[in-house]
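A.B. asks: Take the position in the sequence shown, starting the count at 1, then add 264; the result is the number in this note's numbering. Every residue gets a Cβ at the ideal spot worked out from N, C-alpha and C, and that includes glycine.
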Amino acid sequence: MSLPTEAGLHLGGQTSSLWLHLGGIGFQPVILLAAQPFTTQPPPAAHHSTTNPPHPKAPMKVVCFANNTVGLESVRHLRKAGTEIVALVVHEPAKQKRTTEIIAAANLPQENIFTASQLSDAATLEQIAALKPECGLSAFFGYILKQPTIDLFPRGIVNLHTSLLPLHRGSYPNVWTIVDQTAAGATMHLVDKGVDTGPILAQNQIPLFPDDTGLSLNQRLETAAVELLQSNWSKFVSGELQPLPQDDSLASLHRASDTANIDRIDLDATVRAGDLIDVLRARTFPPHRGAYFEVDGQRYFLELKIEKE
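Right, here's the structure in full:
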């Protein structure tokens with residue numbers, strides 16, 4: 265059986281009420297809500313604080329010491345990362361590689377571009393100091409940076425080196441990695457008064473292949489060095505990288521002239537075939553002349569070509 269039902273809704277003033285009648289059973293109106301009068305006025309404007317937002321941190325000021333492909337790509341990355349390059353130091357003209365591109369990438373006034381020999385001039389150091397750089401970046405810069413230059417930078421000078429330091433400090437790390445059959449890779453470290461002896465910031469290991477030559481390994485090591493910088497520069501800027509001292513007991517050091525000790529092949533010597541192949545492929549590093557043998561006082565230079573099946 266159904267009951268007759270009546271219901272109603274009253275809207276008025278500041279309140280709304282609902283009444284309901286079921287088959288003679290009456291219910292008193294019930295207050296539902298306080299209704300606001302309808303208005304077409306826009307909502308109140310959002311409140312904006314008059315407090316000035318914090319100023320973003322100024323980009324780090326850096327002096328780049330750069331040469332060759334790694335130097336070029338390093339300068340490009342710093343520019344892309346928003347680093348302020350305030351000065352550039354390049355090789356002397358006879359040793360310059362890709363310097364025109366490096367100068368273009370740095371985009372600096374001529375008075376802020378120097379050559380390596382100018383670093384021995386106190387006036388040059390004063391000019392660089394006046395730019396208030398925080399750190400330096402050395403990328404394939406082939407000159408030893410002396411203490412007066414290092415002291416210009418409160419956060420030091422970062423260097424990129426194409427070996428897993430402390431292995432193969434100095435020259436031709438690509439050659440000695442093959443000759444000594446050690447792990448290959450790149451290191452990002454701080455510069456001190458020694459040759460590639462400063463604390464390590466980051467490293468990147470790459471494989472050493474049986475068909476690597478001095479040339480092919482050098483190309484891959486250069487790529488590894490650039491990638492290492494790209495992955496870790498922002499971490500260095502923010503202070504995330506913890507410098508770790510090198511273990512000198514594991515160190516090796518080679519000067520450029522040391523290759524003379526392996527370049528001459530004695531045709532009468534008895535050697536292990538693998539060792540000879542390693543020397544020949546390591547010294548296949550054009551345009552540098554490498555291994556050779558002599559007949560009647562005439563030198564014959566060798567390059568090794570390796571093809572994988």
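1. For the alpha helix (DSSP H) containing residue 545, list its first residue and its last residue.
2. When DSSP labels each residue in this structure, what does residue 402 get in the three-state scheme?
3. Going by the DSSP bridge assignment, what does residue 452 pair with across the sheet?
4. Any contact of the stretch 467-484 with the stretch 522-530, i.e. 3+ C-beta pairs under 8 Å?
5. Which class does residue 564 belong to by DSSP, given the choice of helix, strand or coil?
6. Quickly, what does DSSP pair residue 559 with across the bridge? List them, please.
7. Rounded C-beta distance between residue 451 and residue 429? I'm assuming under 8 Å.
8. Below 7 Å CB to CB, which residues in the same chain sit around residue 305 once its five sequence neighbours on both sides are set aside?
9. For residue 467, which of 488, 484, 459 and 455 has the nearest alpha-carbon?
10. Would you kindly work out how many angstroms separate the C-alpha atoms of residue 506 and residue 325, rounded to a whole number?
11. With 16 as the cutoff for other CB atoms within 10 Å, does residue 381 come out buried or exposed?
12. Buried or exposed for residue 495, going by 16 or more other Cβ atoms inside 10 Å?
13. Return the first residue and the last residue of the beta strand (DSSP E) that residue 350 is part of.
14. Check whether the stretch 381-393 and the stretch 406-421 are in contact - that is, three or more C-beta pairs closer than 8 Å.
15. Does the Cβ of residue 502 have 16 or more other Cβ atoms within 10 Å, making it buried, or fewer, making it exposed?
16. Out of 393, 375, 344 and 432, which one is the CA nearest neighbour of residue 514?
17. Quick check on the burial criterion: 16 or more other C-beta atoms within 10 angstroms. Buried or exposed for residue 531?
18. Below 7 Å CB to CB, which residues in the same chain sit around residue 543 once its five sequence neighbours on both sides are set aside?
19. Excluding sequence positions up to five away, which residues of its chain have a Cβ less than 6 Å from the Cβ of residue 486?
20. Would you kindly check if the distance between the Cβ of residue 484 and the Cβ of residue 448 is under 9 Å?
21. Look up residue 434 in the DSSP assignment and give the residues it is bridged to.
22. Let me confirm a value: residue 371 is counted as buried when at least 16 other C-beta atoms fall within 10 Å, else exposed. Which label applies?
23. Quick one: residues in its chain with C-beta nearer than 7 Å to the C-beta of residue 312, no 5 flanking neighbours on either side, listed in chain order?
24. When you compare each of 349, 425 and 470 to residue 369 by their alpha carbons, which one comes out closest?
C.D. replies: So, from the data block:
1. Here residue 545 corresponds to residue number 281 of the sequence shown, with the count starting at 1. Where residue 545 is concerned, the enclosing alpha helix (DSSP H) stretches over 537-546.
2. As a first step, residue 402 is located in the sequence shown; it is residue number 138 there, counting from the start. Three-state result, residue 402: strand.
3. The residue you call residue 452 lines up with position 188 of the sequence shown. Residue 452 pairs with 424 and 466.
4. For the pair of segments examined, the stretch 467-484 was found not to touch the stretch 522-530: the number of CB pairs separated by less than 8 Å stays below three.
5. Position 300 of the sequence shown, counted from the first residue, corresponds to residue 564. Reduced to three states, the DSSP call for residue 564 is strand.
6. By one-based count along the sequence shown, residue 559 stands at place 295. Bridge partners of residue 559: 562.
7. Here residue 451 refers to the residue found at position 187 when the sequence shown is read from its first residue. Here residue 429 refers to the residue found at position 165 when the sequence shown is read from its first residue. In this structure, residue 451 and residue 429 form a Cβ contact; the two beta carbons are roughly 4 Å apart against a cut-off of 8 Å.
8. As a working mapping, residue 305 is identified with position 41 in the sequence shown. Per-residue confidence for residue 305 stands at a pLDDT of 47, beneath the threshold of 50, marking its modelled position as unreliable; no derived number is given.
9. Position 203 of the sequence shown, counted from the first residue, corresponds to residue 467. Out of 488, 484, 459 and 455, 488 has the C-alpha closest to the C-alpha of residue 467.
10. Taking the sequence shown and counting its residues from 1, one reaches residue 506 at position 242. Taking the sequence shown and counting its residues from 1, one reaches residue 325 at position 61. Cα-Cα distance, rounded: 20 Å.
11. Here residue 381 is taken as the residue at index 117 of the sequence shown, counted from 1. Around the Cβ of residue 381, a 10 Å sphere holds fewer than 16 other Cβ atoms; the residue is exposed.
12. If you number the sequence shown from 1, residue 495 lands on position 231. Classification for residue 495: exposed.
13. In the sequence shown, the residue the question calls residue 350 occupies position 86. Note, residue 350: beta strand (DSSP E), 348-354.
14. Below 8 Å, enough C-beta pairs join the stretch 381-393 and the stretch 406-421 to call them touching: three or more.
15. Here the question's residue 502 lines up with position 238 in the sequence shown. Exposed, by the Cβ-count rule.
16. Working through the sequence shown from its first residue, we reach residue 514 at position 250. Taking the Cα of residue 514 as reference, the smallest distance to any Cα among 393, 375, 344 and 432 is reached at 432.
17. Along the sequence shown, read from residue 1 onward, the residue named residue 531 stands at position 267. It counts as exposed.
18. The residue given as residue 543 occupies position 279 in the sequence shown. Within the same chain, residue 543 has close Cβ partners 443, 526 and 555.
19. Numbered from 1 along the sequence shown, position 222 holds the residue referred to as residue 486. Within the same chain, 333 and 334 come within 6 Å of residue 486 by CB-CB distance, once the 5 residues on both sides are set aside.
20. For the purposes of this step, residue 448 is taken as the residue at position 184 of the sequence shown. For the purposes of this step, residue 484 is taken as the residue at position 220 of the sequence shown. Taking the C-beta atoms as reference points, residue 484 is found nearer than 9 Å to residue 448.
21. Here residue 434 refers to the residue found at position 170 when the sequence shown is read from its first residue. By DSSP's assignment, residue 434 forms a beta bridge with 518.
22. By 1-based counting over the sequence shown, the position of residue 371 is 107. By the 16-neighbour rule on beta-carbons within 10 angstroms, residue 371 is exposed.
23. On the sequence shown, position 48 is the one that residue 312 refers to. In this prediction, residue 312 has a pLDDT of 45, which is less than 50 and means its spatial position is unreliable; what the coordinates show is noted afterwards. Here the set comprises nothing.
24. The residue you call residue 369 lines up with position 105 of the sequence shown. Of 349, 425 and 470, the residue nearest in Cα terms is 349.
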